[in-house]
Amino acid sequence: MNTRRKTGEDDMSEIFGSKEMREPAPSEFIPKHRTAAETAYQIVKDETFPQTQPRLNLATFVTTYMDDYGTRLMNEAVGVNFIDETEYPRVAVMCGRCINMVANMWNTPEKGAWKTGAVGIGSSEACMLGGVAAWLRWRDRRKAEGKPYDKPNLVMSTAYQVVWEKFCQLWQIEMRTVPITLEHPTLDIEEAIRMCDENTICIVPIMGVTWTGMNDDVEGLNEALEAYNARTGYDVPIHIDAASGGFILPFLFPEKKWDFRLKWVYSISTSGHKYGLVYPGLGWVIWRDKKYLPADMSFSVNYLGASISQVGLNFSRPAAQILGQYYNFIHLGTEGYKEIHTNSMDIARYCHKAIGKMHCFENYSETLDNPLFIWKLKPEYEEKANWTLFDLQDKLMQSGWMVPAYTMPKNIEDMVVMRIVVRQGMSRDMADMLIQDIHNAVAELEKLKYPTPSRQSHIKQEKQKGKVYTH
Ligand SMILES: Cc1ncc(COP(=O)(O)O)c(C=O)c1O
């Protein structure tokens, strides 16, 4: 059985009796000698051993729990490359079916048997594809009108996810950002419209803003754009970044109009690996109709056994996620998605209420649009506290929870908040344990006689800005 021990090693030695377990793990060069598979496995496995338990990671939006059948299907497909359509034609068919289902979930008006969309490795790729399509449509229109097309811009709020900064930087699109403020915690529509001009490729509202969990008002934006486009003769459309909200709204708030029911929504992207409930990485982007997907974005290759057209930034990609998504659609149905997300929402509301009741905290928003929320220290409490939310993050990590503390985007960057993302895999019992751990951590932090280093640096920064401390 054990045929790969180094020369001279005892084949019978136990894994933890082996020489490798006494040596540092390889980190610079590929080792010259072989290592027995079970020993190598143990070394690699143990690298991940002290990490947080994925389901206690309340920082991530990404799926950390799938049932046994979904997990089995994905594991069984681990060697399948999605791009080899001639070899695995049924994967391509399943992908097309998923695109159809996502498009119909968002009320596409497209009539054909196959709706227009693409799979991505996550929302980032899906957002990029939506953005590139908007840029190419704008460029083609400008070319046709004989107008310059060298200064494209895109408008969204400062609460954008980093992918949009990447997109604008990589494609050299000017990023025009509307500040989110305490008065306008989501996209300020008037201000967004004011920032548009003939070079605006699209406005990007977000459903499930990464920083706050809130939704931008797409219906209001659509109305404002209707008036703006009519007045100016421009054709500024909407791409919705629905990374999280895309799989929440259709099940929990089906009556809310935010998707292709609105005229100016030309494309929508989401993460299948967030509330689509599939392990990473999977994203979807759907266009309103094939005429909104520029032909320049399809590339054909003929060296895989047939001529294959694809839309995507990547070439090879795992197929397992597509099987996982298709399995979830069949197994859960809309009823199952609704039940799971209703539970996540209820548990998020339960935590929101419990945290809002604590003497030291206040929630950022009164209600929840998605199963996640942020909160901060009450200003009068913070003023006298010897600790910050960064200290609370560290304390909670000691009990295994990952609850991130961070500063808000530009204009309200002085505000430190904490966020909880509730997903499938978080039960009410776990929420009770978390709330108890937060109470315990706060009680310990309140015993501190002197400010923590994080509090000291916060006070220093505030003094530099002119704040006077009276105690
Ligand atoms: C609003 C938003 N857009 C895009 C992304 C990027 O998603 P992904 O990690 O699936 O690439 C995220 C990730 O959290 C997000 O919240």
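Just so you know, we're using the working numbering here: the sequence shown kicks off at 9 and counts up by one.
We put the beta carbon where it would ideally sit given N, CA and C, even for glycine.
Does at least one heavy atom of ligand 1 sit under 8 Å from the Cβ of residue i?
i, result
"residue 251", "yes"
"residue 176", "no"
"residue 188", "no"
"residue 169", "yes"
"residue 447", "no"
"residue 127", "no"
"residue 281", "yes"
"residue 218", "yes"
"residue 214", "yes"
"residue 255", "no"
"residue 347", "no"
"residue 135", "yes"
According to DSSP, is residue i helix, strand or coil?
i, result
"residue 192", "coil"
"residue 214", "strand"
"residue 66", "coil"
"residue 172", "helix"
"residue 326", "strand"
"residue 318", "strand"
"residue 355", "helix"
"residue 381", "strand"
"residue 348", "helix"
"residue 122", "coil"
"residue 452", "helix"
"residue 89", "strand"
"residue 420", "coil"
"residue 396", "coil"
"residue 208", "strand"
"residue 57", "coil"
Going by other Cβ atoms of all chains shown within 10 Å of its Cβ, with 16 needed for buried, is residue i buried or exposed?
i, result
"residue 172", "buried"
"residue 274", "buried"
"residue 428", "buried"
"residue 431", "buried"
"residue 162", "buried"
"residue 200", "buried"
"residue 145", "buried"
"residue 482", "Shown here, the chain extends from 9 to 479; a query on residue 482 therefore has no answer."
"residue 133", "buried"
"residue 13", "Here the model assigns residue 13 a pLDDT of 48, short of 50, so the residue's position is not dependable, and the following value carries that caveat. The residue is buried, with at least 16 neighbouring Cβ atoms inside 10 Å."
"residue 20", "exposed"
"residue 178", "exposed"
"residue 355", "buried"
"residue 457", "exposed"
"residue 490", "With the chain represented from 9 up to 479, any question about residue 490 goes unanswered, as that position is not in the structure."
Residues bridged to residue i by DSSP?
i, result
"residue 414", "425"
"residue 184", "163"
"residue 223", "215"
"residue 474", "Paired residue(s): none; residue 474 is not in a bridge."
"residue 430", "Beta-bridge pairing links residue 430 to no other residue."
"residue 130", "The partner list for residue 130 (beta bridge, DSSP) is empty, contrary to what the question assumes."
"residue 247", "275"
"residue 371", "383"
"residue 140", "Partner(s): none; residue 140 has no beta bridge."
"residue 293", "126, 277"
| Three CB pairs or more closer than 8 Å across the stretch 455 to 469 and the stretch 91 to 108 | Verdict: no, contact absent.
| message | Counting beta carbon pairs with one atom in the stretch 67 to 83 and one in the stretch 291 to 303, are three or more of them shorter than 8 Å? | response | These segments do not touch.
| When the Cβ atoms of the stretch 83 to 97 are set against those of the stretch 443 to 450, are three or more pairs found closer than 8 Å? | Taking 8 Å as the limit for Cβ pairs, the verdict is that the stretch 443 to 450 does not touch the stretch 83 to 97.
| the stretch 254 to 264 touching the stretch 273 to 287, judged by at least three CB pairs closer than 8 Å | Between the stretch 254 to 264 and the stretch 273 to 287 there are three or more C-beta pairs closer than 8 Å, enough to call the two in contact.
| request: Flag this pair as touching only if the stretch 211 to 220 and the stretch 367 to 382 have three or more C-beta atom pairs under 8 Å; answer yes or no. | output: At 8 Å Cβ cutoff, the stretches touch.
| said: Can you confirm whether the stretch 153 to 167 touches the stretch 185 to 203 when touching is taken to mean that 3 or more C-beta pairs between the two stretches lie within less than 8 Å? | reply: The answer is yes - the stretch 153 to 167 touches the stretch 185 to 203, with three or more Cβ pairs under 8 Å.
| Between the stretch 229 to 241 and the stretch 325 to 338, are three or more C-beta pairs nearer than 8 Å? | These segments do not touch.
| said: If contact is defined by three or more beta carbon pairs under 8 Å, each pair taking one atom from either stretch, is the stretch 202 to 214 in contact with the stretch 136 to 153? | reply: Using a Cβ-Cβ distance cut-off of 8 Å, the stretch 136 to 153 and the stretch 202 to 214 are in contact, since at least three pairs of beta carbons, one from each stretch, lie closer than that value.
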